Amino acid sequence: MAHPGNQKAPGSSWITDHFSERALQDHGSGWTALWDTNNNVLWDRRKPSPALIDLIEQRKDLFQPLTTNGRRKKALVPGCGQGYDVVMLALHGFDVYGLDISATGVSAAQGYACTELQKPQEYNFGEQKSGLTAPGSVTFLQGDFFKSDWEQTALEGGEVVFDIIYDYTFLCALHPDMRQQWSKRMGELLRCDGYLVCLEFPLYKDPMLPGPPWGLQGVHWDLLARGGDGVTDISIAPEIAHEDHLPGQFKRVLHEKPARTYESGIGTDMLSIYARK
44 MAHPGNQKAP GSSWITDHFS ERALQDHGSG WTALWDTNNN VLWDRRKPSP ALIDLIEQRK
104 DLFQPLTTNG RRKKALVPGC GQGYDVVMLA LHGFDVYGLD ISATGVSAAQ GYACTELQKP
164 QEYNFGEQKS GLTAPGSVTF LQGDFFKSDW EQTALEGGEV VFDIIYDYTF LCALHPDMRQ
224 QWSKRMGELL RCDGYLVCLE FPLYKDPMLP GPPWGLQGVH WDLLARGGDG VTDISIAPEI
284 AHEDHLPGQF KRVLHEKPAR TYESGIGTDM LSIYARK
């Protein structure tokens, strides 16, 4: 498969043009510039993920906010934006860390959390919200996901690991050349008994077209289970029967079409859960 980043699609959007002439190492500052000029509307969904809410509430066998010894579990949302999912997870009992590369974005998320935690809106809950644990804490961090300077704030016992990591529009915002780094970093930050939850989007977009957002059909499996580069072999069907023997550092626990999701992904979004091998 040819590298998608080498193609220029007719009628590409302003967001793809914004990044097309930037060197890879300057993509972080590109996202910061969009926040600083109030152009963050592209990824602002104005509410937490309905698919994630339903998963947390319906799969309590996997997502209890407290361990058997009473420790409150920690969740990480990289590329957290306005902080909708961060606050929602905290309202469901987790201690949640929202990470964003933009100081402007972190400030906006802190403002949202301050208001929302005092008087939560109904969109934070699904139909099975009864029996919720007391809310956990919310911490927003400004930093680069691929660097370690932000980790000191999240230290626990000298090791930075999370029970849950949630990715929605973070991977699709990254240039394909960074996909293997994303997978490696997820393995570093996730507890050995934790879960990486991915709302796979956009799956309707041809992976060969330029981004962001970059089309991710087949990308999660290739990176996490197969141990690929997230580009070359994404068109190959998942080797479900041989998953335990694949070189990837993760195994897939769940893969389903969510009953509810954002309008932009209705009919195409898939929800997946990966655990470390």
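In this text, residue positions in the sequence shown follow our numbering: the first is 44, and each later residue adds one.
Note that the Cβ used here is the ideal one computed from N, Cα and C, for glycine as well.
Computed from a prediction, not measured in an experiment: that's the story for all the values here.
- Item | Residue from His-263, Leu-132, Gly-308 whose Cα sits closest to the Cα of Ala-118 | As a working note, residue 118 is residue 75 in the sequence shown. Comparing Cα positions, the closest option is Leu-132.
- Return the chain-ordered list of same chain residues with a C-beta closer than 7 Å to the C-beta of Glu-159, the five sequence neighbours on each side being excluded. Here residue 159 refers to the residue found at position 116 of the sequence shown. Taken in chain order, the residues that qualify are Val-130.
- Who pairs with Asp-206 in a beta bridge, going by DSSP? Counting from one through the sequence shown, the residue named residue 206 turns up at place 163. None, per the DSSP bridge assignment.
- Task: Could you give the DSSP three-state label for Ala-197: helix, strand or coil?
- Result: Reading the sequence shown from its first residue, position 154 is the one you call residue 197. Secondary structure at Ala-197: helix, using DSSP grouped into helix, strand and coil.
- Return the residue from the list Lys-90, Arg-222, Lys-300 that minimises the CA-CA distance to Pro-163. To locate residue 163, count along the sequence shown from 1; it is residue 120. Checked all of Lys-90, Arg-222, Lys-300; the closest Cα to Pro-163 is Lys-90.
- Task: Taking only the alpha-carbon atoms, compute the straight-line gap between Leu-109 and Leu-252 and give it to the nearest angstrom.
- Result: To locate residue 109, count along the sequence shown from 1; it is residue 66. To locate residue 252, count along the sequence shown from 1; it is residue 209. Straight across, the Cα-Cα distance linking Leu-109 with Leu-252 is about 42 Å.
- Task: Pull up the CB-CB distance for Ile-207 and Val-240, whole angstroms please, since I reckon it's below 8 Å.
- Result: Position 164 of the sequence shown holds residue 207. Position 197 of the sequence shown holds residue 240. Yes, Ile-207 and Val-240 are in contact; Cβ-Cβ is about 6 Å, under 8 Å.
- Message: Any contact between the stretch 263-271 and the stretch 54-70? By contact I mean 3 or more CB pairs, one from each, below 8 Å.
- Response: Segments in contact, no.
- Message: Is it buried or exposed, Tyr-140, if we count other Cβ atoms within 10 angstroms and call 16 or more buried?
- Response: Indexing the sequence shown from 1 puts residue 140 at position 97. Around the Cβ of Tyr-140, a 10 Å sphere holds 16 or more other Cβ atoms; the residue is buried.
- Item | Cβ pair Leu-70, His-285 closer than 9 Å | If you number the sequence shown from 1, residue 70 lands on position 27. If you number the sequence shown from 1, residue 285 lands on position 242. For the sequence presented, residue 70 should be read as His rather than Leu. No.
- Message: At the level of alpha carbons, what is the spacing between Cys-123 and Asp-143?
- Response: In the sequence shown, residue 123 corresponds to position 80, counting from 1. In the sequence shown, residue 143 corresponds to position 100, counting from 1. Asp-143 has its alpha-carbon roughly 6 Å from the corresponding atom of Cys-123.
- Task: Specify, as a first and last residue, the run of the alpha helix (DSSP H) that Ala-321 falls within.
- Result: Residue coverage of the chain in this structure runs from 44 to 320, which leaves residue 321 outside it and unanswerable.
- Going by beta carbon distance, what residues of the same chain come within less than 6 Å of Tyr-305, once the five residues before and after it are set aside? Translated into the one-based positions of the sequence shown, residue 305 becomes position 262. Only Arg-88 meet the Cβ criterion.
- Message: Can you find the residues in the same chain that come closer than 6 Å, C-beta to C-beta, to Val-296, ignoring five residues on each side of it along the sequence?
- Response: Counted from its first residue, the sequence shown places residue 296 at position 253. Ile-316, Ala-318.
- Message: By the three-class DSSP mapping on this structure, what secondary structure does Tyr-127 have?
- Response: Residue mapping note: residue 127 aligns to position 84 of the sequence shown, counting from 1. It is helical.
- Query: Around the Cβ of Lys-103, are there at least 16 other Cβ atoms within 10 angstroms (buried) or fewer (exposed)?
  - Reply: For the purposes of this step, residue 103 is taken as the residue at position 60 of the sequence shown. When all chains shown are included, Lys-103 counts as exposed.
- Item | Coil, strand or helix - Leu-289 by DSSP | Counted from its first residue, the sequence shown places residue 289 at position 246. In the structure shown, Leu-289 adopts coil according to DSSP, grouped into three states.
- Message: So, for Gln-260: in the same chain, excluding its five sequence neighbours on each side, which residues have a beta-carbon less than 6 Å away from its beta-carbon?
- Response: Numbered from its first residue, the sequence shown carries residue 260 at position 217. Listed in chain order, the non-local C-beta contacts of Gln-260 below 6 Å within the same chain comprise Leu-246, Pro-250, local neighbours out to five positions each way being set aside.
- Message: Comparing C-alpha positions only, which one of Phe-137, Trp-74, Gly-270 sits nearest to Gly-230?
- Response: Residue numbering aside, residue 230 sits at position 187 when the sequence shown is read from its first letter. Ranking Phe-137, Trp-74, Gly-270 by Cα distance to Gly-230 puts Gly-270 first.
- Three-state secondary structure assigned by DSSP to Leu-132: Stepping through the sequence shown from its first residue, residue 132 is reached at position 89. Three-state DSSP puts Leu-132 in a helix.
- Query: Is the CB-CB distance between Leu-184 and Val-149 below 9 Å?
  - Reply: Within the sequence shown, the letter at position 141 stands for residue 184. Within the sequence shown, the letter at position 106 stands for residue 149. The answer is yes: Cβ separation under 9 Å.
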